[in-house]
Structures are given as structure tokens and as C-alpha cells.
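Here is the structure we will look at, set down as C-alpha cells.
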Amino acid sequence: MIAHHASRSATGLGVYGQDTPREFRNGTNAAPEIYVGFEGAPGHQAGPLNGGKRGAYGSYPTHGGFDQMTARVGGLWDSLLGEGRRWWITATSDSHVHWTRGGSDFWPGEYSKTHVLARQDYADIMDGLRNGRIWVGTGDLITSLGLTAGNRGREAAMGETLTVSSRNRTDVEIEIRFRPLEGKNANGDRPEVRRVDLIVGKITGLSANLDADTNPTTKVVARFGPRDWRKQGKEYVIRHTLRDVDGDLYARVRGTNTDEAEPLADGRESPWVDLWFYSNPVFVKVR
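Each residue of the sequence shown is one higher than the one before, starting from 37 at the first, in the numbering used here.
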């Protein structure tokens, strides 16, 4: 179960409507292997092409096409991850009526995609969704994304946990790999990644406040531009070391074709000029 367009009824930043932090906590407390996340990027992204709003978010907008619950660093998603919850984001097209026919939608996969690491097998795809082997993107800014955390020869990827011994060297090596689009996307563009952000937050345990929606420990710890990544075959590779890790944490990645340090609230701009991708997190446990 994945919550759909989670803050469409919100009236402000952190002013939630029909769906609330308490609802998500209660759901995953009741069924942690079933109630596993919410939509990071909602459907109806083509709204501005017909004078509407991205996601059909009428009272409070999306940020870079992503729901505020995902887009705000240190916001609700980070609050849930900071409790150690395995909570994942996805993206959908929610395609009802295509924008060329007067609607606000793209065709399925025309703009938004959820990428799952899995075999060509229904059960394995479901397992990938259930366990966070997922990254999401818009406009085909990239076509593959890898995120790993390593220490002393051991490694974990999205959705997985790396265990580090506090008795040994506790530096954690983060590796990010992405493949840019070869050719053109569905709009006939050749988008280029301008920046990749590494976001890290501490895991401090379950909160007594079911309404909590912030994690003040979560920060963008590094920003990378084209001079910071190197080409390896058809992929670009970024490496970064988290020094002297002394407590449990998670790391996640996002990237964009814009110059926005943080994704801005969306207006009437074309969705094709404002593209983002997000990974799901990798976890680090110190014992």
C-alpha cells in the first residue's frame, strides 16, 4: 500500500489536509510490510500545459513536481526515515485524460517513472517495491541510478542496511552512479544533469509524537556538479566519504537539471524545464 498524492489537500507548507503524519505512522505501525510509503511525485504533471497546476495541487503547490512531504529536506519523509522506518517514495502518471485532449496528464511513463531493481518477474517487482529497491525520475533526466554505502569491503544499496562496527574504522564510502539519457525525451529535449545532492539524516528511534513532520538532523552534506563526477563507460560516478560515523543514519540522493538549490514551489512553468530524480535511502547501522 502506497499513499497517493499525499498532500494534495494541504493548504500550506506543513498544513496537511486529508492525509497526515499520524495516519502514515498508524498505518505502518499496523502493517510495516504492507503500508510501505507514499508517492513522491504525483500524477497530473501536465497541468501547466493547459493552464492548470502540476499534480492538480490546488491549495499548496508541488516543489519541482514533488509532493512537499518528499521535497522538503528535513520534512515528513525524513522524519519517518529518522525513526528507522522503511518508508519509500514512488512516482506515477495517474493518467486520466492526456493534456493534448484537454486533460492534465501525460501518458503512463511519458514523463514520470518509477524504476525498480528486479528480474522480469511480477513477484520480484513487488518485492522490489516492498523493500525500497526504487528510484524515481521525471522527464528522463537520467536512465539509471545507483546508490551504495560501503565499509571495510561490505556494501549496501538502496533499501538495504550496512552494518558498521564501532570498534573499527567507521568511515562510510558513498558511491553514486547515474546514466544520462542518450537521445531525446518525450518532449524532444536532451536534458542534462546540473547537480546531484547527497542528503544524510540521523536515525534516532521512534518518536512519541505521531504528528511529527521534521527531522532537524537531515542535511544536504554535499553538492556535486559536472566537475565532480567522472565518466566510467556510459555512467557517471561520484564518490564521497562520510567520516567517523558514530551513530545510525540514512543517505539518499536527488538531482536536477535546474539551478535551484532547493526545489521551489511550482507555478505555471512547463514541467519539461524542471526535472528531478530521487533515490530511496540506504541505511547505516553502527553496532
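Using N, Cα and C, we set each Cβ at its ideal position, and we do this for glycine too.
(message) Just to confirm my understanding: we take Gly-145, look at its own chain, exclude 5 residues before and 5 after, and list those with CB closer than 8 Å. What are they?
(response) Counting only Cβ-Cβ distances below 8 Å, and skipping sequence neighbours, we find Ser-129.
(message) Three Cβ pairs or more, each shorter than 8 Å: is that satisfied between the stretch 249-268 and the stretch 175-193?
(response) Of all C-beta pairs linking the stretch 249-268 to the stretch 175-193, fewer than three are shorter than 8 Å, placing the two stretches out of contact.
(message) If you reduce the DSSP assignment to three classes, tell me which class Tyr-272 lands in.
(response) Tyr-272: strand per DSSP, three-state reduction.
(request) Determine the extent of the beta strand (DSSP E) in which Asp-233 is found, giving its start and end residues. (result) Per DSSP, Asp-233 belongs to the beta strand (DSSP E) from 231-238.
(request) Determine the closest residue to Thr-179 out of Ser-306, Ala-127, Phe-214, with distance taken between C-alpha atoms. (result) Ranking the options by Cα distance to Thr-179, first place goes to Phe-214.
(message) Measuring alpha carbon to alpha carbon, tell me which residue in Leu-181, Asn-251, Val-320, Val-229 is nearest Glu-196.
(response) Per the Cα distances, Val-320.
(message) Between Asp-176 and Asn-221, how many whole angstroms is the CB-CB distance? I'm expecting something under 8 Å.
(response) Contact flag correct, Cβ pair sits at about 4 Å.
(message) Rounded to the nearest angstrom, what separates Trp-143 and Val-273 at their Cα positions?
(response) Answer to the nearest angstrom: the Cα atoms are 31 Å apart.
(message) Which residue wins for smallest C-alpha separation from Gly-63, given the options Glu-211, Ala-127, Trp-123, Leu-300?
(response) Closest option to Gly-63, Cα to Cα, is Trp-123.
(message) With DSSP as the reference, identify every bridge partner of Val-281, one or two as the case may be.
(response) As computed with DSSP, Val-281 is found in no beta bridge at all.
(message) I want to know whether the stretch 90-97 touches the stretch 115-122 - three or more CB-CB distances under 8 Å.
(response) No: fewer than three Cβ pairs fall under 8 Å.
(message) Assuming Pro-57 is part of the alpha helix (DSSP H), what are its boundary residues?
(response) In the DSSP annotation of this structure, the continuous segment of the alpha helix (DSSP H) that includes Pro-57 starts and ends at 57-66.
(message) Using only the alpha-carbon positions, how far apart do Lys-270 and Glu-59 sit?
(response) Rounded to whole angstroms, the gap between the alpha carbons of Lys-270 and Glu-59 is 43 Å.
(message) Determine whether the beta carbon atoms of Asn-223 and Asp-114 lie at a separation below 9 Å.
(response) A distance of 9 Å or more separates the beta carbons of Asn-223 and Asp-114.
(request) Reducing DSSP to helix, strand and coil, say where Asp-141 ends up. (result) Of the three classes helix, strand and coil, the one that applies to Asp-141 here is strand, per DSSP.
(message) I believe Leu-181 touches Phe-313 by the beta-carbon criterion, under 8 Å. Please report the beta-carbon distance rounded to the nearest angstrom.
(response) That pair is a contact at about 6 Å.
(message) Between which two residues does the beta strand (DSSP E) holding Leu-181 run?
(response) Note, Leu-181: beta strand (DSSP E), 178-187.
(request) Could you tell me whether the stretch 100-111 touches the stretch 286-303, where touching means 3 or more Cβ pairs closer than 8 Å? (result) Output reads yes: the stretch 286-303 touches the stretch 100-111.
(request) Over the uninterrupted beta strand (DSSP E) stretch that includes Arg-166, give me the two end residues. (result) In this chain, Arg-166 is not harboured by any beta strand (DSSP E); it is covered by the alpha helix (DSSP H) spanning 158-166.
(request) Could you round the C-beta distance between Thr-126 and Glu-75 to whole angstroms and report it? I think they count as a contact, below 8 Å. (result) Contact between Thr-126 and Glu-75 holds, with the beta-carbon distance rounding to 6 Å and staying under 8 Å.
(message) I'd like the span of the alpha helix (DSSP H) that includes Thr-106, first residue to last.
(response) It spans 104-107 - the alpha helix (DSSP H) in which Thr-106 sits, taken as one unbroken run.
(message) Relative to the C-alpha of Ser-202, which candidate in Val-281, Val-309, Leu-285 has its C-alpha closest?
(response) Nearest C-alpha to Ser-202 among Val-281, Val-309, Leu-285: Val-281.
(message) Let me confirm a value: Arg-61 is counted as buried when at least 16 other C-beta atoms fall within 10 Å, else exposed. Which label applies?
(response) Burial check for Arg-61: the Cβ neighbour count within 10 Å reaches 16 or more, so the residue is buried.
(message) By the three-class DSSP mapping on this structure, what secondary structure does Trp-325 have?
(response) Coverage of the chain is limited to positions 37 through 323, which leaves residue 325 absent and any answer about it impossible.
(message) Which of the three DSSP states is assigned to Ala-92 in this structure?
(response) Reduced to three states, the DSSP call for Ala-92 is helix.
(request) Output the distance between the C-alpha atoms of Ala-39 and Thr-277, rounded to the nearest integer angstrom. (result) Here the C-alpha atom of Ala-39 lies approximately 34 Å from the C-alpha atom of Thr-277.
(message) Taking DSSP's pairing of strands, which residues face Gly-73 in a bridge?
(response) In the DSSP assignment, Gly-73 is bridged to Ile-38, Trp-124.
(request) Give the straight-line distance between the Cα atoms of Asn-245 and Gly-138, rounded to the nearest whole angstrom. (result) Spanning the alpha carbons of Asn-245 and Gly-138 requires a straight line of approximately 44 Å.
(request) Return the bridge partner residues of Ala-258 from the DSSP annotation. (result) Beta-bridge pairing links Ala-258 to Leu-234.
(request) For Asp-157, count neighbouring Cβ atoms within 10 angstroms of its own Cβ and tell me buried if that reaches 16, exposed if not. (result) So Asp-157 ends up on the exposed side.
(request) Please report the Cβ distance between Tyr-286 and Gly-241, rounded to the nearest whole angstrom; I am assuming they are in contact, meaning their Cβ atoms lie under 8 Å. (result) The beta-carbon distance between Tyr-286 and Gly-241, rounded to whole angstroms, is 13 Å. This is too long to meet the 8 Å contact definition.
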